[in-house]
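**Q** Here the protein sequences line up with chains A and B, keeping their order. Going by our numbering, the letters in the first sequence line up with residues 1 to 548, in that order. Going by our numbering, the letters in the second sequence line up with residues 549 to 976, in that order. In this text, a Cβ means the ideal position worked out from N, Cα and C, and glycines have one as well.
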Amino acid sequence: MSEPLRIVGGTVYDPAHGIDGEVRDICIDAGKVVADVSTSARRIDARGLVVMPGGVDIHSHVAGSSVNAARRLLPEEHAADPAPAPSLADGEPWPRSGAGGTVPTTFTTGYRYAGLGYTTVFDAAVAPLHARTSHAELDETPIVDAGFYVLAGNDAYLWQLIDRGERERARQYVAWLLGAAGGYALKVVNPGGVELWKRGLRDRVGLDDALGSTRVTARAILETLCAAADELRLPHATHIHCNDLGVAGNIATTLASMQALSGRRAHFTHVQFHAYASGPDGRRRSGARALVEHINAHDSITADVGQVMFGPATTLTADGAVEYLLYKSSGRKWVNSDIELETGCGIVPHAYREKQSVAALQWVVGLEIFLLAADPWRVVLSTDHPNGGSFLAYPELMRLLMDRTYRADCLKRVNPALLGGSALADGLGREYTLREIAIVTRAGPARILGLRDKGHLGVGADADVTIYTPNADWSAMFATPRYVVKGGTLVVEEGHLRRAPRGGRLHVRPDYDRAIEGPLREFFDRHATVAFDNYPVRTLPDRPVPTS
Amino acid sequence: MVKFSSATCLGCGCACDDITVTVRENRIVGAARACAMGAAWFGDGLAPARVTVDGGDASLAEALSAAARLLNHATRPLVFLAPDVSMEAQRIAVAVADTCRASLDNVSSATVARSILAGQEIGRATATLGEVRNRADILLFWDVDPARYPRFAERYAPDPIGLYLADGRRVISVGVGGAAWSPADVTVRISPDDEVVTLTALAALLTDPGCVQGDGNAWAHARMLSDILLSGRYVVAVADAEPGSGAPDSSGPTGRADALWRLSHALNHRTRGAVVTLRAGGNRTGAEAAMTSAAGYPMAVDYSQGVPRYRPHDGTAGALLASGIVDAALVVGDARLVDHGVVADLANVPCVVLGPAASGGPLARSRVVIDTARAGVHEDGTALRMDDVPLPLRALVTGPPPARDLLTTLAALVATAPRRSVGAGERS
Numbered sequence: 001m002s003e004p005l006r007i008v009g010g011t012v013y014d015p016a017h018g019i020d021g022e023v024r025d026i027c028i029d030a031g032k033v034v035a036d037v038s039t040s041a042r043r044i045d046a047r048g049l050v051v052m053p054g055g056v057d058i059h060s061h062v063a064g065s066s067v068n069a070a071r072r073l074l075p076e077e078h079a080a081d082p083a084p085a086p087s088l089a090d091g092e093p094w095p096r097s098g099a100g101g102t103v104p105t106t107f108t109t110g111y112r113y114a115g116l117g118y119t120t121v122f123d124a125a126v127a128p129l130h131a132r133t134s135h136a137e138l139d140e141t142p143i144v145d146a147g148f149y150v151l152a153g154n155d156a157y158l159w160q161l162i163d164r165g166e167r168e169r170a171r172q173y174v175a176w177l178l179g180a181a182g183g184y185a186l187k188v189v190n191p192g193g194v195e196l197w198k199r200g201l202r203d204r205v206g207l208d209d210a211l212g213s214t215r216v217t218a219r220a221i222l223e224t225l226c227a228a229a230d231e232l233r234l235p236h237a238t239h240i241h242c243n244d245l246g247v248a249g250n251i252a253t254t255l256a257s258m259q260a261l262s263g264r265r266a267h268f269t270h271v272q273f274h275a276y277a278s279g280p281d282g283r284r285r286s287g288a289r290a291l292v293e294h295i296n297a298h299d300s301i302t303a304d305v306g307q308v309m310f311g312p313a314t315t316l317t318a319d320g321a322v323e324y325l326l327y328k329s330s331g332r333k334w335v336n337s338d339i340e341l342e343t344g345c346g347i348v349p350h351a352y353r354e355k356q357s358v359a360a361l362q363w364v365v366g367l368e369i370f371l372l373a374a375d376p377w378r379v380v381l382s383t384d385h386p387n388g389g390s391f392l393a394y395p396e397l398m399r400l401l402m403d404r405t406y407r408a409d410c411l412k413r414v415n416p417a418l419l420g421g422s423a424l425a426d427g428l429g430r431e432y433t434l435r436e437i438a439i440v441t442r443a444g445p446a447r448i449l450g451l452r453d454k455g456h457l458g459v460g461a462d463a464d465v466t467i468y469t470p471n472a473d474w475s476a477m478f479a480t481p482r483y484v485v486k487g488g489t490l491v492v493e494e495g496h497l498r499r500a501p502r503g504g505r506l507h508v509r510p511d512y513d514r515a516i517e518g519p520l521r522e523f524f525d526r527h528a529t530v531a532f533d534n535y536p537v538r539t540l541p542d543r544p545v546p547t548s
Numbered sequence: 549m550v551k552f553s554s555a556t557c558l559g560c561g562c563a564c565d566d567i568t569v570t571v572r573e574n575r576i577v578g579a580a581r582a583c584a585m586g587a588a589w590f591g592d593g594l595a596p597a598r599v600t601v602d603g604g605d606a607s608l609a610e611a612l613s614a615a616a617r618l619l620n621h622a623t624r625p626l627v628f629l630a631p632d633v634s635m636e637a638q639r640i641a642v643a644v645a646d647t648c649r650a651s652l653d654n655v656s657s658a659t660v661a662r663s664i665l666a667g668q669e670i671g672r673a674t675a676t677l678g679e680v681r682n683r684a685d686i687l688l689f690w691d692v693d694p695a696r697y698p699r700f701a702e703r704y705a706p707d708p709i710g711l712y713l714a715d716g717r718r719v720i721s722v723g724v725g726g727a728a729w730s731p732a733d734v735t736v737r738i739s740p741d742d743e744v745v746t747l748t749a750l751a752a753l754l755t756d757p758g759c760v761q762g763d764g765n766a767w768a769h770a771r772m773l774s775d776i777l778l779s780g781r782y783v784v785a786v787a788d789a790e791p792g793s794g795a796p797d798s799s800g801p802t803g804r805a806d807a808l809w810r811l812s813h814a815l816n817h818r819t820r821g822a823v824v825t826l827r828a829g830g831n832r833t834g835a836e837a838a839m840t841s842a843a844g845y846p847m848a849v850d851y852s853q854g855v856p857r858y859r860p861h862d863g864t865a866g867a868l869l870a871s872g873i874v875d876a877a878l879v880v881g882d883a884r885l886v887d888h889g890v891v892a893d894l895a896n897v898p899c900v901v902l903g904p905a906a907s908g909g910p911l912a913r914s915r916v917v918i919d920t921a922r923a924g925v926h927e928d929g930t931a932l933r934m935d936d937v938p939l940p941l942r943a944l945v946t947g948p949p950p951a952r953d954l955l956t957t958l959a960a961l962v963a964t965a966p967r968r969s970v971g972a973g974e975r976s
């Protein structure tokens, strides 16, 4: 159902066009925002309601082998949160039941994102070897447009090219890799560290430590992949999970990584987990201020926060070494899966508790980053779902940002043991405005991702629109949109999910020099267990996003 | 004559994807590089294409309508995923089960339930087979019969020279109650009664060499093995998850699956390592994954209350059929590869069998029988290797209609049928 539609008289927040709470109509036809529609078009009375573009999640874990391994590990969570099929309108595809928890099943993931007013989602870590599985799971994740980032930072073939000084060929290779996997952007996780974990070396990786060869270093990996993203004109910069996640004092690593890429486009992800100073006792302290000062001063850097939210979570990352440490310290169940020639994967269920000093610090550091950031266009919202908490906690996070009284009440309940020197504890009074929320949850991520038709409501934009009923409790307002329009289809009506169209696939297919295929095929024949011809994903549902 | 290179074989869980299949006049006349099991799996491509309802020939439309009627009128339907269908088809079968509030299961509940449950309880440290190939400097074959996985040695380990293994690797073979993998650098035979204790002791020693130790053969073997394993940088224990395939429960003695996953963790405290479990063919892990992604559980799902519920103890196909509660079943896949007890019980239930060579299989006398393509021979799609690596399947010859298409039609018929009213007492 994508009929002409006029959203009448809503209070519109469209920061990409400088519209900050103006009453206007939004017209929609054929899945796009248009200048006008005929008077016979269906009308939604949005008077008194808040109108924003659909939400864009820049960093989540929703589809693929590692996510499915987490689902499989969590029967108790699923049993506690059964998800009945929604009651969709007549003529819709038969709705599907599922299970929730921190790692919901595919259909439930799509329904719940849409029910939250989010219409675009990226899975942040897919081993290209497993790309087919991610695509298949996205195929059964309805409504949201989605894509994923391709893990490349610990890739054996890339390391060989870097070792030989073949930067040009490295660029060609990652172009091939992106197309072969049907990915949207390049992802680096703990450059060097994942491979060293697989080699049984558990030392921290310094930016210039030789990784088996003096030419292969975390710095060289970051430089190579960020340069490639620029030269290939990928819509999104290389998406970087730095070394030393979670470690006391890792702020130095994070800042050094940012400096290493100085002047290049680079996206640093879940920076909350990478912004810890080290106190005199060796324990973690907030490093948020130093991080944000650097980001504020460097326009080429973008970031998402990776806020932790109190409650259950599932830690799920390619950074296998981190998960081993979490398993050892928590005693909870643990999955590790090493993935040949490419990456790793670790999973440990987790819970963030207010009275736990580290969790309290993490919660505070995330909020500090949000509240100190000068430019919301470059520091956007994420919880690294499900690592810092479920995406279902986004409304609560928005309330924390918008309501300082509520935030202060929450702060009183957390363990203060590690909060010495934190800006939040010293009193940060900033409150996000609706405009700023619209930036950090849709306009900003869309711009960072290079999605020209998303995150705004100008003529030609994808007709992804979320309409909220104002509420003094911001959390309640953002948790239950009154209407959600996805690609021109009214998916949420009067707060109920009524339609579940197929979501689109966002991927790139940059050109590459076919001459690389010969040596690459040889590498596959010698070391891979999947035939070169069987590796690429052949058919995808939508056309690639242009890279020029 | 047409040659297909890089065809994927589902003869066992190794899912070798380097087979060159030669086709002449729509018959498979060669499967180069395939082992004998693989060659038998590809066959000649000739497949029955019968469709019957109540024993008489019927059109596809009639058969699918009859199938939908049967499922729609049942109070306790069962959807069962048998081997040799693509993940695409499996996903549609899951949709059918969801839509008609059926129980949903696959072959794993009869063969590896304990391994699945143990993995859900404690987790597991594992690796894809390419890590075994490239990195495993010590390989511990734990009671693996090479005849069941003929090309494992050649494709994965120990034969290939690994990318990170300039110094080669050592192979340890443990036989439980008999001979096992050979040749090996070290061979150990243990008694079946000692298997779980040895695995448990080994995990304890790998975690803490100074742990309190017991006497007897099991601990002696464990000490010897532990010393060898701790000399490795990346140690992979390879064990058959279905060592007694065909028996009612073939996952081995109680405690074995749990001990294997604990061993997998223990391999990571003082060295690095993984346990890799071997599986039989036909895309079994694909069925588990297709169920997990949409229903949240890899086996034994009960949709009767409108949401997926996990019933790994009393809701497996075997348990439900034995209880006599199932009043209609949809079997998707090759029934010849299903646990004999489950098949025997299915024969007593009004049943729709939709799969390759259904008319020649053990459920050929079922209410509705539809021969379909075999995924990877007549039908394209995706399958998972036993380590969850996805591989493409190709249609090599034309044959009966694709299971995916038939299931799509069936799903639409089930979805559009008037819904039964479900009373709480009726279905609990």
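Within the 8 Å Cβ cut-off, does G934 (chain B) reach chain A?
**A** Position 386 of the second sequence, counting from 1, holds the residue named residue 934 (chain B). In the sequence as presented, Gly is not what sits at residue 934 (chain B); that position holds Met. Chain A, which has no Cβ nearer than 8 Å to the Cβ of M934 (chain B), makes this no.
**Q** Buried or exposed: N534 (chain A), going by 16 or more other Cβ atoms within 10 Å of its Cβ?
**A** Position 534 of the first sequence holds residue 534 (chain A). By the neighbour-count rule (16 or more Cβ atoms within 10 Å), N534 (chain A) is buried.
**Q** Which residues, in order along the stretch 326 to 344 of chain A, keep a beta-carbon less than 7 Å from a beta-carbon of chain B?
**A** Cβ contacts with chain B: K333, W334, V335, N336, S337, D338, I339, E340, L341.
**Q** Span of the beta strand (DSSP E) holding V414 (chain A)?
**A** Walking along the first sequence from the start, residue 414 (chain A) turns up at place 414. No beta strand (DSSP E) contains V414 (chain A), which DSSP labels as neither H nor E.
**Q** Figure out for me which residue from B:C583, B:T556, B:F552, B:C560 has the closest Cα to the Cα of T570 (chain B).
**A** Against the second sequence, residue 570 (chain B) aligns to sequence position 22. Here the closest residue by C-alpha is B:F552.
**Q** If you count every other CB in all the chains shown that lies within 10 Å of the CB of G794 (chain B), and 16 or more means buried, which is it?
**A** Locating residue 794 (chain B) in the second sequence gives position 246, where the first residue counts as 1. Confidence in G794 (chain B) is poor, its pLDDT being 44 and thus under 50, which makes the residue's placement unreliable; the coordinate value appears in the next sentence. Exposed, because fewer than 16 other Cβ atoms sit within 10 Å of the Cβ of G794 (chain B).
**Q** Return no unless some Cβ of chain B is closer than 8 Å to the Cβ of G200 (chain A).
**A** Position 200 of the first sequence, counted from the first residue, corresponds to residue 200 (chain A). For G200 (chain A), the answer is yes, since a Cβ of chain B falls inside 8 Å of its Cβ.
**Q** Using a Cβ cut-off of 8 Å (strictly closer), state whether M635 (chain B) contacts chain A.
**A** Counted from its first residue, the second sequence places residue 635 (chain B) at position 87. Yes - at least one Cβ of chain A is within 8 Å of the one on M635 (chain B).
**Q** What does V599 (chain B) pair with, by DSSP beta-bridge criteria?
**A** Residue mapping note: residue 599 (chain B) aligns to position 51 of the second sequence, counting from 1. Bridge partners of V599 (chain B): B:I918.
**Q** Given this structure, state the Cα-to-Cα distance separating E927 (chain B) from A943 (chain B), to the nearest angstrom.
**A** Taking the second sequence and counting its residues from 1, the one referred to as residue 927 (chain B) is at position 379. Taking the second sequence and counting its residues from 1, the one referred to as residue 943 (chain B) is at position 395. Taking the straight line joining both Cα atoms gives about 4 Å.
**Q** Would DSSP call F273 (chain A) helix, strand or coil?
**A** Position 273 of the first sequence, counting from 1, holds the residue named residue 273 (chain A). If DSSP states are grouped into helix, strand and coil, F273 (chain A) belongs with the helices.
**Q** Is it buried or exposed for G821 (chain B), if we count other Cβ within 10 angstroms and need 16 for buried?
**A** Here residue 821 (chain B) corresponds to residue number 273 of the second sequence, with the count starting at 1. That one is buried.
**Q** What number of angstroms, rounded off, separates the C-alpha of E354 (chain A) from the C-alpha of R413 (chain A)?
**A** Along the first sequence, read from residue 1 onward, the residue named residue 354 (chain A) stands at position 354. Along the first sequence, read from residue 1 onward, the residue named residue 413 (chain A) stands at position 413. Their Cα atoms are separated by approximately 7 Å.
**Q** What do you reckon, are the CB atoms on V680 (chain B) and A645 (chain B) nearer than 8 Å?
**A** Against the second sequence, residue 680 (chain B) aligns to sequence position 132. Against the second sequence, residue 645 (chain B) aligns to sequence position 97. For V680 (chain B) and A645 (chain B), no; Cβs fall outside 8 Å.
**Q** Any beta-carbon of chain B closer than 8 Å to the one on E517 (chain A)?
**A** For this step, residue 517 (chain A) is matched to residue 517 along the first sequence. No, E517 (chain A) lies away from the interface with chain B (no Cβ there is under 8 Å from its Cβ).
**Q** If I follow the unbroken alpha helix (DSSP H) through T317 (chain A), where does it start and stop?
**A** Against the first sequence, residue 317 (chain A) aligns to sequence position 317. Where T317 (chain A) is concerned, there is no enclosing alpha helix (DSSP H), although the beta strand (DSSP E) it sits in stretches over 311 to 317.
**Q** From the beta carbon of E679 (chain B), is the nearest beta carbon of chain A less than 8 Å away?
**A** Reading the second sequence from its first residue, position 131 is the one you call residue 679 (chain B). Chain A, which has a Cβ nearer than 8 Å to the Cβ of E679 (chain B), makes this yes.
**Q** Under 8 Å Cβ to Cβ from L400 (chain A), same chain only, skipping five residues before and after it: list those, please.
**A** The residue labelled residue 400 (chain A) in the question sits at position 400 within the first sequence. Taken in chain order, the residues that qualify are L367, Y406, R407, C410.
**Q** Considering only the beta carbon of each residue, do T314 (chain A) and T102 (chain A) sit closer than 8 Å?
**A** As a working note, residue 314 (chain A) is residue 314 in the first sequence. As a working note, residue 102 (chain A) is residue 102 in the first sequence. Yes, the Cβ-Cβ distance between T314 (chain A) and T102 (chain A) is below 8 Å.
**Q** In angstroms, rounded to a whole number, what distance separates the CA positions of Y327 (chain A) and A351 (chain A)?
**A** Here residue 327 (chain A) refers to the residue found at position 327 of the first sequence. Here residue 351 (chain A) refers to the residue found at position 351 of the first sequence. One C-alpha to the other measures close to 13 Å.
**Q** Along the chain, where does the alpha helix (DSSP H) containing E493 (chain A) start, and where does it finish?
**A** Within the first sequence, the letter at position 493 stands for residue 493 (chain A). Element bounds for E493 (chain A): not the alpha helix (DSSP H) but the beta strand (DSSP E), 489 to 493.
**Q** Taking Cβ-Cβ distances shorter than 8 Å, what residues in chain A pair up with R639 (chain B)?
**A** Counting from one through the second sequence, the residue named residue 639 (chain B) turns up at place 91. The answer, in chain order, is A136, E140.
**Q** Residues of chain B with CB under 8 Å from Y324 (chain A), in chain order?
**A** Stepping through the first sequence from its first residue, residue 324 (chain A) is reached at position 324. Under the 8 Å cutoff, chain B gives N816.
**Q** L73 (chain A) versus chain B: which residues are under 8 Å apart at the beta carbon?
**A** Taking the first sequence and counting its residues from 1, one reaches residue 73 (chain A) at position 73. In chain order: G667, Q668, G671.
**Q** Could you check the C-alpha separation between V925 (chain B) and I686 (chain B) for me, to the nearest Å?
**A** Start at 1 with the first residue of the second sequence, and residue 925 (chain B) comes out as number 377. Start at 1 with the first residue of the second sequence, and residue 686 (chain B) comes out as number 138. Using only the alpha carbons, I get a separation of about 36 Å.
**Q** Taking only beta-carbon atoms, is Y704 (chain B) less than 8 Å away from chain A?
**A** Here residue 704 (chain B) is taken as the residue at index 156 of the second sequence, counted from 1. Yes, because at least one Cβ of chain A sits closer than 8 Å to the Cβ of Y704 (chain B).
**Q** Specify the secondary structure class of E140 (chain A) as computed by DSSP and reduced to three states.
**A** Residue mapping note: residue 140 (chain A) aligns to position 140 of the first sequence, counting from 1. Looking at E140 (chain A) - three-state DSSP - the assignment turns out to be coil, as it is neither helix nor strand.
**Q** Please list, in chain order, the residues of the stretch 374 to 406 of chain A that have any C-beta partner in chain B closer than 8 Å.
**A** Result list empty, no residue passes.
**Q** Name the chain A residues whose beta carbon is nearer than 7 Å to that of A588 (chain B)?
**A** Working through the second sequence from its first residue, we reach residue 588 (chain B) at position 40. Ordered by position in chain A, no residue passes the 7 Å Cβ test against A588 (chain B), which lies about 21 Å from the chain.
**Q** With which residues is P349 (chain A) paired in a DSSP beta bridge?
**A** As a first step, residue 349 (chain A) is located in the first sequence; it is residue number 349 there, counting from the start. Answer by DSSP bridge pairing, in chain order: A:T314.
**Q** Got a sec? Which residues, its chain only, sit under 8 Å from L74 (chain A) by beta carbon, not counting five neighbours each side?
**A** Translated into positions along the first sequence, residue 74 (chain A) becomes position 74. So the qualifying residues of the chain are G101, T102, V103, T314, P349.
**Q** Please report the residue range of the alpha helix (DSSP H) in which W334 (chain A) lies.
**A** Working through the first sequence from its first residue, we reach residue 334 (chain A) at position 334. Unbroken run through W334 (chain A) is the beta strand (DSSP E), 334 to 338; no alpha helix (DSSP H).
**Q** Run through DSSP, which three-state label would S976 (chain B) get?
**A** For this step, residue 976 (chain B) is matched to residue 428 along the second sequence. For S976 (chain B), the pLDDT reaches just 30, beneath the cut-off of 50, and the residue's location in the model is therefore unreliable, although a value from the coordinates is still provided. In the structure shown, S976 (chain B) sits in coil (DSSP, three-state: anything other than H, G, I, E or B).
**Q** With 16 as the cutoff for other CB atoms within 10 Å, does P95 (chain A) come out buried or exposed?
**A** Stepping through the first sequence from its first residue, residue 95 (chain A) is reached at position 95. P95 (chain A) should be labelled buried.
**Q** Below 8 Å on the Cβ atoms is my contact criterion, and I expect G458 (chain A) with A41 (chain A) to pass it. Report the Cβ-Cβ distance as a whole number of Å.
**A** Residue 458 (chain A) sits at position 458 when you count from the first residue of the first sequence. Residue 41 (chain A) sits at position 41 when you count from the first residue of the first sequence. Rounded, the Cβ-Cβ distance is 19 Å, inconsistent with contact.
**Q** Look at the Cβ atom of A883 (chain B), then the Cβ atom of A630 (chain B), and state whether they are nearer than 8 Å.
**A** Within the second sequence, the letter at position 335 stands for residue 883 (chain B). Within the second sequence, the letter at position 82 stands for residue 630 (chain B). Their beta carbons are under 8 Å apart, which means A883 (chain B) touches A630 (chain B) by this criterion.
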